[in-house]
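One structure is given below, encoded as structure tokens.
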Amino acid sequence: MPSETEVAHELAIVRSKDQIPVPSTDLLSYLFDSPYSEHNQWPSDEPLFLSPPGSEYPNYTFEEIKKLVKCFATGLKRLGSKGKRVAIYGDSNVHFQIVLLGALAAGASVNLCPSCPVQDLAFRVQQLEADFVFFSSDEIDKAYAAAADSNIPKERLFAIDHSTEKREAQGNDQSWSSIFDFKDGSSFEWQRLSDEESKNTTALYVYTSGSTGSPKLAERSHYGLIGNTEQLLFRYNRTNRTKGSVFCSFKAAGIGGILFGLLTPLKTRYKSMFVGQCDLKTYIGLVESFRPTYLAMPKYMVQELVDHAPKADFSSVTEITVGGAMVPFKLREMWAQVHGSPCYVVMGMTEVIRVGVQISSNPLRPVTDNTLGQLLPNVEAMVVDRSGQPVQRNQCGELWTKDPFRMKGYLNNALQTAEMFTDDGWLRSGDICKVNEQDDWYFIGRIKDLFKIKGNHVSASEIESALLNHSSIIDASVIPVKVPGDEESVPRGFLVKDQSSELTLENLYEWMDKDLAPKMQLLGGAEFLDVLPLSNRATTILNSKRQKCDHDRNPEIYGQPMSSLMKEGLQVLGYTDRDINHLNVIHVAGTKGKGSTCAFTNCFLKAHGERTGYPRKTGLYTGPHLVCLRERLRINFEPIDEELFATYFFDVWEKFLTSRLTPGYLQLMTLVSFHAFVKEGVDVAIFETNCGGEDDATNFFMNPAVTGITRLGLDHIKTLGPTIQNIAWHKSGIFKPGAPALSTIQEQVASDELQRRAAEKNTVLEFVDIDPMIPANVIPEVQKKNATLGMALVNASLKNRPVNESRGLIPQDVVRGVELYSWPGRFEHIVDGHYQWLLDMAHNALSLRAAGKWFVDATSESQSNNSNLPNILIFSQVSERDHETLLKNLAKSIQDGHIKFQYVIFCTLLERQDDIPSNDLAHRNLESVSSEIQESYAAIWKGIDSQAEISLEPTINDALQSAKTIGTQAGGMQTLITGTSRLVGHALCLLHRVDS
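For the sequence shown, my numbering gives the first residue as 5, with consecutive numbering after it.
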């Protein structure tokens, strides 16, 4: 009969080989007092806590830290902190650490909360039942709004600024410095905790989704955090590390940031720099100047530093640790080759330890595959099936753990606390793992992230791991997508291959058919990318959903109507009507000129803000985008940066992972934009509808400041209806009771329907014609109409301002707004020597007529000076449009100007021959223009003008080169590039007029 040990070895039951003693005391004694601290070995005059160079925040030595903590605790205790709860809100800096340690010394418990929207902060403060709220000085407005919603008196709110010197409150701004007691603080003594008290006293409340996905506060005790720190120190000590530096570049709001950035450095006397979030260039500069020995970073940054910064000087770094995401072994190898230090992976649950389920790469054993490593000390773990029985080694199942350092439970949530633990003390992690005979652990995925493929429950991580077995694939991202007519999800893969590899998709599919199980097949297709940084993963998800939207408006993907789940979606995100109304929304619909009108509106608001101070910040949501997805979301007229887009996208995306709702592409983008604008605190948000109005995803604003309708015409007739009256009905769906409604001058049928709908919606509609305040240099004429509507929208929105403030635009604002206006790809005229490029996105008949007339007007002078200059047309459009109607409308507007195109070039939407675009993933071959469609274009144009020289080009770059060749031979040329946004966007990239 096998022994108990032999049975355990066959089953996936593991007990850590290492057992370490852990002191049962309070965190302050552990960190600052002998025999637990090592402060006697540290030079008293050398800084330990550092702020970035040029920062207003100071550096502090060990003794200065201890003094500040005691003085802060003395003052906080006088306010009645014993047994209280303290919330610290905003981006991390060196003073956040003083508040955290000082609050613990005063007998309070602490929750760190990263920067978030007002309603999120209010929810967190209410859930914590916070007694005191500390916040970064640039978050004053949000903090006070959240406190008001949470019924916390302003006397309990304190701004953390760069100084500890006392200053008087300025309005609502009450400084943290007012708490310090430097007179009695030096003699302050914190309460020493006994063994049982250290295990039962909560030090930190940490937000977590646990195994269910719902937000909860995990209670972490003093003893638990000390044990976690000792586990890390045990691993560090085994690497024979010398005294040096530790560096943490991102927000330390989670348990991982506290362990890596604060507790471990303070205990080991490694220098620690607190910088909050930073971009790649800043990060590299800090590493090269600060010379750290240890780095902690997210996975995407590893890939970025390998691919884009191979020459950065990381020679001081002895190791990096990546948490929160699995890093493929191949990427770890590449890091070691490029930057010369090992890369270790740590993963797991907040409830147990941020370095995962007590699993960490073992630095004493060489890592040769995707293992996470072995258990940290004092831990037991096993892998179980759905019935809770242990499985065999190398089989997948849920990970259960036992250790003395895990959470106490969830705050005020006894039910979910009970569900997390078994009767005999095992913690159900919700992680899918496996362990081999050498006790090496492998992370497969999360139970809550599973999707169903052909009747099997499969984790995306499991498929990614299988794909990484291919010798040429170094990184993979797999997401579930739905296909029309199929009730189950199928996986779609986005892959990064070795730069030297010649692997093709055809080769990949052959390999998958041969080596992967049916449930692992990428039935949703695959695509090669250069890198999978965080922002690209967001775009990956969006584009896979968009590809499915283009098939046949499958309601499960596209959402019909698009507005149908928006109210529920906002509730999933935690937003209320108050949050929606706070944005002072300007809502714009129409067929032609929506984007330009919104852009003018934004510029006039910006000009008004420069003069009066309001609005301080604007948000703009438009579409489609020309080059990158981020163009759709603008803050103060600038596209939102990559890091912010990634942050806000995943804020939204992760909320829906565990929801029954599945937003479509445009629904998701609208929700992300709304979330971003709330989080950024914009004063006014301008929303352009995606398609239509009545059923559009943006149509969830019940109390907009004003609504506007641009020029109406026949477009999207499959979804909006075959007549102009049908289209006017849909567009006017954005009208709301009591909100002013404005429109440009429309044809009679459209204006009649708009008037009828305005009455139906209980609002007053006003038609606006070209305003004489619009400068004469605004061309073409249609832009004057768009600018006029933008002016009227701004004036209507400003009427609700207080009587003592400016309540409308003045001529100075209008002139300045026009100066600020820039909208790439809309009536854009580029003169490059003898070459003239005129570009305009025109995807319907109305837009193409306007583009043609503009071309005639813009080139009239050069036509009269040199009638021999050839006119060239480059055109491409998506297959769903009425080709003949589009081209005939364009041709008529040209003929009405008494000119013609001598050369007409039709091309696909591929940028170059190798189909590797210079811009982001969002333009990658999403809509194709086949050779048959090109031939159809050619036949139609030949019927319009039999004398034109027509050519078909395989790519946009080839089309541009062909036009240049014609221009060179003729001594110049004038080329109109028009059609779909993808054509214009790629052309601008190739002409180097926009960033790719």
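Note that the Cβ used here is the ideal one computed from N, Cα and C, for glycine as well.
Residue span of the alpha helix (DSSP H) that contains residue i, given as start and end
| i | result |
| --- | --- |
| residue 771 | Segment 769-772 is the beta strand (DSSP E) holding residue 771; no alpha helix (DSSP H) there. |
| residue 850 | 849-862 |
| residue 107 | 98-109 |
| residue 602 | 598-616 |
| residue 673 | 669-684 |
| residue 792 | 785-802 |
| residue 167 | From DSSP, residue 167 is part of no alpha helix (DSSP H); its letter is neither H nor E. |
Residue environment, residue i, which counts as buried when at least 16 other CB atoms sit within 10 Å
| i | result |
| --- | --- |
| residue 832 | buried |
| residue 921 | Only weak support exists for where residue 921 lies, its pLDDT of 43 falling under 50; the coordinates are left without a value. |
| residue 935 | exposed |
| residue 146 | buried |
| residue 475 | exposed |
| residue 928 | With a pLDDT of 38 at residue 928, under the threshold of 50, the predicted position of this residue should be treated as unreliable, though the coordinate-derived value follows. Burial call: buried. |
| residue 983 | buried |
| residue 410 | buried |
| residue 893 | buried |
| residue 254 | Any reading at residue 254 needs caution, since the residue's pLDDT is 45, under 50, leaving its predicted position unreliable; the model's value is listed next. Buried, because 16 or more other Cβ atoms sit within 10 Å of the Cβ of residue 254. |
| residue 419 | exposed |
| residue 588 | buried |
| residue 926 | For residue 926, the pLDDT reaches just 38, beneath the cut-off of 50, and the residue's location in the model is therefore unreliable, leaving the point undetermined. |
| residue 606 | buried |
| residue 508 | exposed |
| residue 706 | exposed |
| residue 600 | buried |
| residue 996 | exposed |
Distance CB(residue i)-CB(residue j) smaller than 8 Å
| i | j | result |
| --- | --- | --- |
| residue 61 | residue 98 | yes |
| residue 20 | residue 383 | yes |
| residue 710 | residue 689 | no |
| residue 413 | residue 201 | no |
| residue 746 | residue 797 | yes |
| residue 704 | residue 570 | yes |
| residue 621 | residue 699 | no |
| residue 313 | residue 284 | yes |
| residue 31 | residue 239 | no |
| residue 964 | residue 942 | no |
| residue 115 | residue 209 | yes |
| residue 860 | residue 814 | no |
| residue 1002 | residue 731 | Any answer about residue 1002 is impossible in this case: the structure gives the chain only from 5 up to 1000. |
First through last residue of the beta strand (DSSP E) which encompasses residue i
| i | result |
| --- | --- |
| residue 315 | It is not in any beta strand (DSSP E) - residue 315 carries neither H nor E in the DSSP assignment. |
| residue 211 | 206-212 |
| residue 879 | 875-880 |
| residue 180 | Careful: residue 180 lies outside any beta strand (DSSP E) and carries neither H nor E. |
| residue 839 | 839-845 |
| residue 978 | 977-983 |
| residue 432 | 431-439 |
| residue 404 | 401-406 |
| residue 637 | 637-639 |
| residue 530 | 530-533 |
| residue 115 | 113-117 |
| residue 623 | 622-625 |
Presumed contact (8 Å Cβ cut-off) between residue i and residue j, rounded CB distance
| i | j | result |
| --- | --- | --- |
| residue 229 | residue 290 | The Cβ separation is near 27 Å, so there is no contact. |
| residue 473 | residue 438 | Residue 473 to residue 438, Cβ: 15 Å. No contact. |
| residue 573 | residue 670 | About 12 Å; that fails the 8 Å criterion. |
| residue 849 | residue 718 | 7 Å |
> Are three or more beta carbon pairs between the segment 577-588 and the segment 636-643 nearer than 8 Å?
Replying inline: no
> At a cut of 8 Å, does the segment 645-656 reach the segment 671-679 through at least three beta carbon pairs?
Replying inline: Short answer: they touch.
> Any chance the segment 851-862 sits against the segment 945-955, with 3 or more Cβ pairs inside 8 Å?
Replying inline: no
>> Does the contact criterion of 3 or more C-beta pairs under 8 Å hold for the segment 50-67 versus the segment 88-95?
In response: The segment 50-67 is not in contact with the segment 88-95.
>> Check whether the segment 426-438 and the segment 388-406 are in contact - that is, three or more C-beta pairs closer than 8 Å.
In response: At 8 Å Cβ cutoff, the stretches touch.
> Any chance the segment 959-975 sits against the segment 870-880, with 3 or more Cβ pairs inside 8 Å?
Replying inline: Because the criterion of three Cβ pairs below 8 Å is met, the segment 959-975 and the segment 870-880 touch.
>> Pairs of beta-carbons, one from the segment 131-145 and one from the segment 59-79, closer than 8 Å: are there three or more?
In response: no
>> For the structure I just gave you, are there three or more beta carbon pairs, one from the segment 156-166 and one from the segment 127-140, closer than 8 Å?
In response: yes
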